[in-house]
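Going by the UniProt record's numbering, the sequence shown opens with residue 1, and the numbers climb by one from there. Every residue, glycine too, gets a C-beta built ideally from N, C-alpha and C. Below: the structure, in structure tokens.
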Amino acid sequence: MDFLAGCMGGAAGVLVGHPFDTVKVRLQVQSIDKPLYRGTFHCFQSIIRQESVFGLYKGIGSPMMGLTFINAIVFGVQGNTMRMLGHDTPMNQFFAGAAAGAIQCVICCPMELAKTRMQMQGTGEKKKSSRKLYKNSLDCLARIYNREGLWGINRGMVTTLIRETPGFGVYFLAYDVLTRGLGCEPDDRYMIPKLLFAGGMAGIASWLSTYPVDVIKSRLQADGVGGVNQYSGIADCVRQSVQREGYMVFTRGLTSTLLRAFPVNAATFATVTLVLMYARGVEQGPQDCELVQSTSHHAQIQQQAQPSSL
Numbered sequence: 001m002d003f004l005a006g007c008m009g010g011a012a013g014v015l016v017g018h019p020f021d022t023v024k025v026r027l028q029v030q031s032i033d034k035p036l037y038r039g040t041f042h043c044f045q046s047i048i049r050q051e052s053v054f055g056l057y058k059g060i061g062s063p064m065m066g067l068t069f070i071n072a073i074v075f076g077v078q079g080n081t082m083r084m085l086g087h088d089t090p091m092n093q094f095f096a097g098a099a100a101g102a103i104q105c106v107i108c109c110p111m112e113l114a115k116t117r118m119q120m121q122g123t124g125e126k127k128k129s130s131r132k133l134y135k136n137s138l139d140c141l142a143r144i145y146n147r148e149g150l151w152g153i154n155r156g157m158v159t160t161l162i163r164e165t166p167g168f169g170v171y172f173l174a175y176d177v178l179t180r181g182l183g184c185e186p187d188d189r190y191m192i193p194k195l196l197f198a199g200g201m202a203g204i205a206s207w208l209s210t211y212p213v214d215v216i217k218s219r220l221q222a223d224g225v226g227g228v229n230q231y232s233g234i235a236d237c238v239r240q241s242v243q244r245e246g247y248m249v250f251t252r253g254l255t256s257t258l259l260r261a262f263p264v265n266a267a268t269f270a271t272v273t274l275v276l277m278y279a280r281g282v283e284q285g286p287q288d289c290e291l292v293q294s295t296s297h298h299a300q301i302q303q304q305a306q307p308s309s310l
């Protein structure tokens with residue numbers, strides 16, 4: 001039931017946060033010479049005006065498809081790591097989260113590659129194009145695989161690993177510290193608001209800790225869409241980006257990301273909590289608060305910690 005609740009919570013988070021993610025990616029990869037968008041809100045307005053509201057949901061199929069697999073990996077790795085470590089401490093939460101973040105990259109990287117390519121498709125087009133490269137996320141991955149093989153569908157794996165490993169660690173550490181500090185007790189009438197606040201703030205902390213890496217990851221995964229590769233690797237991408245746009249390039253799309261981080265984690269945890277309360281009965285529902293601070297049930301909190309997420 002924890003797994004099912006986590007999947008439903010993750011789906012809710014994707015639905016709430018995907019429009020912000022689309023804006024983030026568009027801002028991260030747009031040309032500095034001919035920028036289409038002046039900022040976060042202008043990007044929102046432009047996409048809706050030119051591509052309709054559905055333009056904000058381009059590429060949503062990929063994170064939805066990968067959700068179950070990612071949650072399964074995070075659930076197993078984080079729970080087993082905590083049992084191996086033996087003690088429920090903030091630092092152990094960091095290490096367990098980092099381990100889960102590293103291993104789930106196997107699914108996360110191809111998923112985000114397809115998402116990024118789909119989000120960039122038809123940028124600025126007012127009408128549906130008959131020249132679309134990809135029909136959907138699966139078609140996108142299939143075409144990339146046919147052209148570039150396994151290396152192609154794992155483009156950006158190193159940057160994804162660099163982002164996800166400390167990102168998940170920071171998330172679980174921040175969440176644990178906040179829930180302990182807020183004093184989450186089973187009989188606390190403000191239990192759910194406290195947990196929602198802790199989850200949202202932990203998501204923000206996680207993104208702030210790894211955001212520059214995410215910018216590079218997005219650029220590498222979007223590279224080659226037009227048939228020409230601009231970057232030869234991570235170092236070249238960093239060098240060209242800084243040389244052309246300065247160090248502020250690493251904050252591209254940050255506003256959209258932070259606006260997304262809080263409601264995504266709040267929506268995810270609210271859904272998880274409601275599903276568990278419904279399944280176990282109202283009288284056992286408040287017990288969920290205890291699960292936040294117990295080793296054996298931390299798995300349900302993991303679902304809100306996706307920074308490609310997040």
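Cβ neighbours of residue i in the same chain (closer than 7 Å, five flanking residues each side left out)
i      : result
Gln30  : Leu36 and Tyr37
Leu141 : Pro110, Ala114 and Ile153
Ile103 : Ile73 and Val77
Gly101 : Glu164, Thr165, Gly167, Phe168 and Gly169
Ala198 : Tyr175, Leu178, Thr179 and Leu182
Ala266 : Leu196, Gly199 and Gly200
With 16 other Cβ atoms within 10 Å as the buried cut-off, status of residue i
i           : result
Gln235      : Reading the sequence as shown, one finds Ala at residue 235 and not Gln. By the 10 Å Cβ count, Ala235 comes out exposed.
Asp33       : exposed
Lys58       : buried
Gln230      : exposed
Phe20       : buried
Pro166      : buried
residue 346 : There is simply no residue 346 to check, as the chain begins at 1 and stops at 310 in what is shown.
Gln243      : exposed
Pro212      : buried
Ala84       : The sequence shown places Met at residue 84, not Ala. By the 10 Å Cβ count, Met84 comes out exposed.
Gly156      : buried
Phe44       : buried
Inter-residue Cα distance where the pair is residue i and residue j
i      : j      : result
Gly86  : Phe94  : 14 Å
Leu258 : Arg219 : 19 Å
Ser137 : Gly203 : 26 Å
Leu27  : Gly39  : 7 Å
Cys108 : Gly183 : 33 Å
Val238 : Val25  : 17 Å
Phe172 : Cys105 : 17 Å
Asn146 : Met64  : 23 Å
Thr179 : Gln240 : 42 Å
Ser209 : Ala279 : 36 Å
Asp214 : Trp151 : 19 Å
Phe54  : Thr22  : 11 Å
Asn92  : Gly79  : 11 Å
Ile47  : Leu56  : 7 Å
Met82  : Tyr190 : 27 Å
Gly181 : Phe250 : 32 Å
Thr160 : Lys135 : 25 Å
Ile216 : Pro90  : 29 Å
Thr255 : Met248 : 13 Å
Ile192 : Ala205 : 20 Å
Ser52  : Asp188 : 44 Å
Cys7   : Phe69  : 9 Å
Leu195 : Gly149 : 43 Å
Gly233 : Met118 : 22 Å
Asp139 : His42  : 30 Å
Ile144 : Asp88  : 42 Å
Val228 : Val158 : 21 Å
Close Cβ partners of residue i (< 6 Å) along its chain, the five nearest in sequence each way excluded
i      : result
Ile60  : His18
Val264 : Gly13, Val16 and Gly17
Val225 : Met120
Gly169 : Phe94, Gly97 and Ala98
Ala222 : Val29, Thr116 and Met120
Arg252 : Leu27, Gln28 and Val215
Ile162 : Val213
Ser62  : Met111, Ala114, Lys115 and Ser137
Glu245 : Ile32
Residue i at chain E interface by Cβ criterion, 8 Å
i      : result
Thr210 : Absence of chain E from the displayed structure is noted, only one protein chain being present.
Sequence-distant residues of its chain with Cβ nearer than 8 Å to residue i (five each side left out)
i      : result
Met201 : Ala174, Leu178 and Phe262
beta-carbon residue i near the ligand SAM non-hydrogen atom, thresh 7 Å
i      : result
Leu133 : No copy of the ligand SAM appears in this structure; indeed no ligand is present at all.
message: So within the stretch 138 to 216, which uninterrupted alpha helix (DSSP H) runs reach at least 4 residues, ignoring any that extend past its ends?
response: 157 to 182
message: At 4 residues or longer, what runs of the alpha helix (DSSP H) sit wholly inside the UniProt repeat "Solcar" (1 to 84)?
response: 2 to 29 and 40 to 51
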